[in-house]
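Participant:
Numbering (the working numbering), first residue to last: 69 to 233.
#1: So if DSSP puts residue 134 in a beta bridge, which residue, or which two residues, is it bridged to?
#2: Name the residue from 122, 181, 106, 147 whose alpha carbon lies nearest to the alpha carbon of residue 76.
#3: Can you check which of these residues, 200, 198, 132, 80, is closest to residue 186 by C-alpha distance?
#4: Quick check on residue 73: buried or exposed, where buried means 16 or more other Cβ atoms within 10 Å of its Cβ?
#5: When the Cα of residue 162 is compared with those of 175, 144, 179, which residue comes out closest?
#6: Give the single residue among 115, 135, 83 whose Cα lies nearest to the Cα of residue 181.
#7: In terms of alpha-carbon separation, which member of 196, 103, 86, 114 lies closest to residue 146?
#8: Rank 85, 127, 100 by C-alpha distance to the C-alpha of residue 111 and give the top, closest one.
#9: With a cut-off of 8 angstroms on the beta carbons, I'd call residue 50 and residue 137 a contact; round off their distance for me.
#10: On the DSSP bridge list, what partners appear for residue 197?
#11: Could you give the DSSP three-state label for residue 87: helix, strand or coil?
#12: Count the other C-beta atoms from every protein chain shown that fall within 10 angstroms of the C-beta of residue 157, then say buried if there are 16 or more, exposed otherwise.
#13: Within a Cβ cutoff of 7 angstroms, which residues of the same chain sit near residue 82, ignoring the five residues on either side of it in sequence?
#14: Out of curiosity, what's the CA-to-CA distance linking residue 148 and residue 99?
#15: Looking only at C-alpha atoms, which of 194, 153, 89, 142 sits nearest to residue 169?
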């Protein structure tokens, strides 16, 4: 976390996104394969753990939200049929739905995602600022959380062809 603080310019803002505990625990319960992938999710933080570490590194947490509510059921399905079974009809159909959502952003899937995010959003997104005068690793800048307006966390069109966790 201190490296994040070091590379962020004073006054700069960053978004840190990590897998959310609840949906990940469901994946783990459904499949041993899911969490035994080289290079997979190494650390999963609860909100207070993550924000505590970020603040301890000198950043000020200014907002947070959950994202990728449509993606959690996709991964649960993959865990049920085999994480490498990309050709299963249900997995392939759900993948097409996710690509359509990412590329076209139709109202129906955007609405579903907004409804699902607080409940099963696969990602925890935390926004931080580096104070103008705080050096890397010098402790919390200011206790408390101040929420920013919701931001779009939709991946770019280039990323649409390969849905990743």
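The C-beta atom is built at its ideal place from N, Cα and C for all residues, glycine as well. Since this is a predicted model, take the numbers as computed values, not measurements.
Facilitator: Let me lay it out:
#1: 192
#2: 122
#3: 132
#4: buried
#5: 144
#6: 135
#7: 103
#8: 85
#9: The question about residue 50 has no answer, for the chain in this structure spans 69 to 233.
#10: 81, 128
#11: strand
#12: exposed
#13: 72, 76, 196
#14: 7 angstroms
#15: 142
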